[in-house]
Structure formats: C-alpha cells, structure tokens
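A.B. asks:
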Amino acid sequence: MLKTQFPWLFQPYPFELRWSKGLRNGFWAGLFVTAFLFFFKPFGTTVDEGQEWRYLTYCFAFGLVTFAVTLLMQLLCRAFPAIFNEMEWRAWKEILFNLFFLFCIGLANMLLGQLLYQAPVTWYSFLMWQVFTVAVGIFPTVFGAFLSVVKLQKKYAEEAAAIHPEPGTHTQHHQVTLYGENQQEMLQIDVANIAFLEAQDNYVQVNYFEKGVFKRRLLRTTMRKMEDSLKQYDFLFRCHRTYLVNFDLVEKVSGNAQGYRLHLSGIEETIPVSRGLNEEVKMRLK
C-alpha cells in the first residue's frame, strides 16, 4: 500500500560517506540551529535586556552539539558499511536515519540543557527536549528528502535521456589472463568479452561472455590490481568504486536520484556511475 500511495519513499536516494561532505553538512546544520534559535526564539524563549550576547553563546552551544552529533553519525555509518550501503539506500531509510539523528541530537541537547540551566534529568525533560528537537528538524527531514528525490530524479533522468551511446566494436581480440591470489587461480579470456568487473570484499567478480553465454567467475584479488592489469584497454573504464565496465557494451544510460545507471547489451543488471565521474562517462559515450 505504501508503495502505491507514496512511491517516492522507495526511490533510490544518494548516500555518501565522504568526510568533506560530513563536515560541510555538520557546519550548515549547526549554523542553521544557531541562527534559528537566536532569531526566532522558539518555545516561548525570552531574553532579558543586556543578555543577548549570553543567549547567543547558548545558541552557539546547541549548534555545536548538532555539528558534533553529525560527525558521530559519520563514524557510525563507517562502522557499519553493510547497513549504510548506497546501492540499497532508499528515501524511507534516509528519513528513518534522520529521525534517529534527531533523537541523538535531542539527547545531547538535554545533557547540554542540564549543564547550562542546571535542569534535572527526568523523563519529562527527556520528552520535552525530544519534542523541541523534532519540532525544529522534522520538516526539513521529511520534506527535504521528498524534494531531493524529485529534484535529483528529474535531473539525472533528463541528463541520461540526452546520452545516446553507440556500442563500439573492437575487431582486435586479445587473450588476457586474470590472476587471483590463490594458488593456480586464473581466468583466460578474450578481453573484448569482459562485460564488467565487480569488487566484492576481498574478491573481484568477473562477468563475461563465453560463446555468447553470460558467465561469472570470482577471483581473490583487488579491483586495483585488476584495473592495473587491464589499463592498456581504454574501452574498460572504472566508472564506480566497485565497478569496471566494458564501455563497448553500453547501449543505454538511465538516471535516478543516485545518478546514472549503465545498461549493457545482453545483461539485465545495471551498473552505477559515481557522480563525480558523470562528465567523464558522458565524454566516453559521445
């Protein structure tokens, strides 16, 4: 029922673990909290004459709490990469995660409030701080996620629709040998028949065609080693942290809120493109 009434909740949603983005998001979130508390004075806040500077320092302290919790969330995401995986991230997960984020901020705000106002920690104060925090953050959390999905979906879908790849043909067929770290682990293959490579923990899955049949082979190695061994073939390009793709097989490009997806000839699975490589991918497919 939810999928029918609120389909945007189940749309892919971008999720990045870069420290630079975490610091930037934390800074802006902290600045928003500081400015909101200082200028709007919500929840019946009154400031006595001559106490404006002191009140500003309190607002800054709550903004600093938001910044600190943002960085802690960044650490949490890095500690559990299997859970916080962009490939499986959806808008509803983003909203739930942000609600948990608000809960943590509310908890930290309560502790800060005890320090600043000498307020006792009770169940009532706990609930009040949660209500105050959610009241400030719930609108940008839910509505912001909705707007982001709609905006990014439209942006990448329109850009992808303007890309019209023509699958290339390499008349020269070169036999290559891909080696794994285990003893006698190797795969001899025509390089033109490689569809894509996918990193899987300490392994790389080779997806290829053999006499027109699509096959997979798992080798214990790293994507970096595979990329280095195939770097002389410019039609093989690492378009994502975990994918190296044969661009001669790309027949279509689609887009969702997470970015571009490559569709390969004869393969149902689609390949993600790192957003930082969008321009490079467009140049290669012209």
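Residues 41 to 326, numbered by the numbering used here, are exactly what the sequence shown covers, in order. By construction, the Cβ of each residue, glycine as well, lies at the ideal position given by its N, Cα and C atoms. Please read all numbers here as calculations on a predicted model, not as lab measurements.
Tell whether a beta-carbon distance below 8 Å holds between L259 and L227.
C.D. replies: On the sequence shown, residue 259 is found 219 positions in, with the first residue counted as 1. On the sequence shown, residue 227 is found 187 positions in, with the first residue counted as 1. In this structure, L227 lies closer than 8 Å to L259 by Cβ.
A.B. asks: Around the Cβ of P205, are there at least 16 other Cβ atoms within 10 angstroms (buried) or fewer (exposed)?
C.D. replies: Within the sequence shown, numbered from 1, the residue matching residue 205 stands at position 165. P205 comes out buried.
A.B. asks: Extract the residue ranges of the alpha helix (DSSP H) inside the region 60–111, only unbroken runs of 4 or more that lie entirely within it.
C.D. replies: Here no run is fully enclosed.
A.B. asks: What three-state label does DSSP hand I311 in the structure shown?
C.D. replies: Translated into positions along the sequence shown, residue 311 becomes position 271. The answer is strand: DSSP assigns I311 an E or B state.
A.B. asks: Do the CB positions of I145 and V182 come within less than 8 Å of each other?
C.D. replies: For the purposes of this step, residue 145 is identified with residue 105 of the sequence shown, where counting begins at 1. For the purposes of this step, residue 182 is identified with residue 142 of the sequence shown, where counting begins at 1. Result no, Cβ atoms of I145 and V182 do not sit closer than 8 Å.
A.B. asks: I'd like to know if the region 228–240 and the region 276–296 are in contact, where contact means that at least 3 CB-CB pairs between them fall below 8 Å.
C.D. replies: Contact between the region 228–240 and the region 276–296 is present, because at least three Cβ pairs lie under 8 Å.
A.B. asks: Since N286 is in the beta strand (DSSP E), which residue starts that stretch and which ends it?
C.D. replies: As a working note, residue 286 is residue 246 in the sequence shown. Start and end: 283–286.
A.B. asks: Please list the terminal residues of the continuous beta strand (DSSP E) segment that includes R278.
C.D. replies: Walking along the sequence shown from the start, residue 278 turns up at place 238. Per DSSP, R278 belongs to the beta strand (DSSP E) from 276–280.
A.B. asks: Kindly provide the ranges of any alpha helix (DSSP H) runs that are 4 or more residues long and lie completely inside the region 217–280, ordered along the chain.
C.D. replies: Listed in chain order, the complete alpha helix (DSSP H) runs (minimum 4 residues) inside the region 217–280 are 263–269.
A.B. asks: Excluding the five sequence neighbours on either side, which residues of its own chain have a C-beta within less than 7 Å of the C-beta of E267, listed in chain order?
C.D. replies: The residue given as residue 267 occupies position 227 in the sequence shown. Only R278, L284 meet the Cβ criterion.
A.B. asks: Among the residues of its own chain, which have a CB less than 8 Å from the CB of L156, if the five just before and after it don't count?
C.D. replies: In the sequence shown, the residue the question calls residue 156 occupies position 116. Y98, A101, listed in sequence order.
A.B. asks: Using only the alpha-carbon positions, how far apart do Q114 and D230 sit?
C.D. replies: Within the sequence shown, the letter at position 74 stands for residue 114. Within the sequence shown, the letter at position 190 stands for residue 230. For Q114 and D230, the distance between alpha carbons rounds to 42 Å.
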